[in-house]
Amino acid sequence: MGTENRASGEDENKPEEFPVDRGGTAWLQVAVGFLAIMNCFGFFSAFGLIISGRLVDAGYFYPVMIGGCALQLIGIFGASFATKYWSIFLTQGIVLGLGSGLMWAPAMWLIATHFDRKKGLAIGISSTGSPIGAIVFTAAGLRVMRAFFLVGNSILLAASSPRPPPEHNRRAPLVEWQAFKQLDYSLFCAGTFISALAVWSVVYYIPAFGEMVLSLPPTTSVTTLIIMNSSGLLGRILVLWLSDHFYGPLPNLTICTLLCASCIFFWLYIINLTGLFIWAGFYGFFWHAIQTLFTASCAGITRDREKLGARMGMCFSLISLSVLIGALMGGALVQADGGGYLYAQVMAGCAYVVGVAMVGSAWLVQEKSSSRRGRERGRLKIF
């Protein structure tokens, strides 16, 4: 009894270090995340994540974020002078991509360390920057984009409020290989890696599918992407809100990935414009939802919040590699099919199915681990 009272007293006097789910500062970080994701054009297009995640854990939030913002501005302003392929590749591919990768992990870490019970909703709201950015920047000219990047990056740097990390985090290794000994984390990384083979390769080839298979004009094919991004706004917020109130992000990720797989196989039967638009609405909803659930699920699986940045960086570095491989595989399969899309469609559907199996297994492992920890805490209370 005396020990229990002393422990209780220590807990009461211990300052609250992690998510509080309240206050203007916490919700301001959601706005920071929104601007960061909008300026990153979506995190799957970025690299540099593994470095930025670890550096944020070590307390270098502002150097990483400032470096990312600076590289983004160099890339977007440098595009004005790019006239040859190598210069476009350098400014848009290397500089802008590295800057986006450096910015994304700190932005998500910022939200995850300010929220707990409302983490899914906060990440969902901030992630709407990706579809909104896709819609806005598709219509905007380069001059408007430069102005938005300059103003947006200035605001997010001024509004950021990172939590100070423990001193011992500065000495941790760049890659935490021990994380892969945690079975649910390893299964999650493997499942998201395989799913990501389809996540963006489908979107890359939808406009071409409309033009080549359905004989649609280019403007109509691009409308398909706008429909997908518009329905994705609802998917990112609604599904993440549900994950806060029902079951959690990992079960919802499993379900949404399964529904994405179903949509891919329905894609095989699209024969007209109406069918394509309806399909785009449904697929866009779940496609955007799983991208946001990747983030929320990774944060949920990471039990030690002091390692959150590093683990998110490791996981999404794998995903970014998968996105690159998936796009190349999709193009090769379209070519192998003589310009048809059957092989690419089947590949994407199978990638989602295998991803569902592995992410679902991570969910089961997580549930068993949670139950075991609950029983252990119960025994400690008895004694």
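When the sequence shown is numbered by the UniProt record's numbering, its final residue is 383 and no position is left out of the sequence of numbers. C-beta atoms are modelled at their ideal positions from N, C-alpha and C, and glycine is treated no differently.
The C-beta separation of L333 from A344 comes to about 4 Å, placing the pair in contact by the 8 Å criterion.
Between M312 and V175, the C-beta spacing is not below 8 Å. Restricting attention to alpha helix (DSSP H) runs no shorter than 4 residues, the region 87-120 encloses them at 96-112, ordered along the chain.
Cβ-Cβ separation between M228 and Y269: approximately 18 Å, too far for a contact (criterion under 8 Å). Take G67, set aside five residues on each side of it, and the residues of its chain with a beta-carbon closer than 7 Å to its own are L102, in chain order. In the same chain as V30, and ignoring 5 residues on each side of it, the C-beta atoms closer than 8 Å to its own belong to I111, A122, I125 and S126, in chain order. Fewer than three pairs of CB atoms, one per stretch, sit closer than 8 Å, so the region 232-246 makes no contact with the region 189-203. In the structure shown, the three-state DSSP call for A58 is coil. Beta-carbon to beta-carbon, W109 and V56 are separated by about 5 Å, close enough to satisfy the 8 Å threshold.
Of the candidates L35, L321, R305 and F89, the residue whose Cα lies closest to the Cα of S154 is L35. With the rule of 3 Cβ pairs closer than 8 Å, the region 318-325 does not count as touching the region 260-278.
Excluding sequence positions up to five before and after L71, its CB lies within less than 6 Å of the CB of V95, L98 and G99, all in the same chain and listed in chain order. Annotated three-state conformation of R163 is coil, per DSSP.
In the structure shown, the three-state DSSP call for A82 is coil.
Separation of N252 and L183 (C-alpha to C-alpha, rounded to the nearest whole angstrom) is 19 Å. W200 places its beta carbon less than 8 Å from that of G326. Annotation for F193: the continuous alpha helix (DSSP H) segment containing it runs L183 to V199. Classified as exposed, R117 has fewer than 16 neighbouring CB atoms from the shown chains inside 10 Å of its CB.
By the CB criterion at 8 Å, V354 and T257 fall outside the cutoff. A Cβ-Cβ separation of about 6 Å places L187 in contact with V365 under the 8 Å criterion. Exclusion of the five residues before and after I237 leaves L121, G124, I125 and T128 as the residues of its chain whose Cβ lies within less than 8 Å of its Cβ.
8 Å or more divides the Cβ of I264 from the Cβ of A208. According to the DSSP assignment, N252 belongs to the alpha helix (DSSP H) that extends over P249 to W267. Each residue's CA atom was taken as its position, placing W104 and L156 some 12 Å apart. Our two residues, K119 and G191, have alpha carbons roughly 22 Å apart in a direct line.
When DSSP states are grouped into helix, strand and coil, Y352 belongs to the helix group.
Pairing G232 with P164 gives a Cβ-Cβ distance that is not under 8 Å.
C69 and V202 have their alpha carbons spaced roughly 29 Å apart. Using a 10 angstroms sphere on the CB of L342, the tally of other CB atoms stays under 16, which defines it as exposed.
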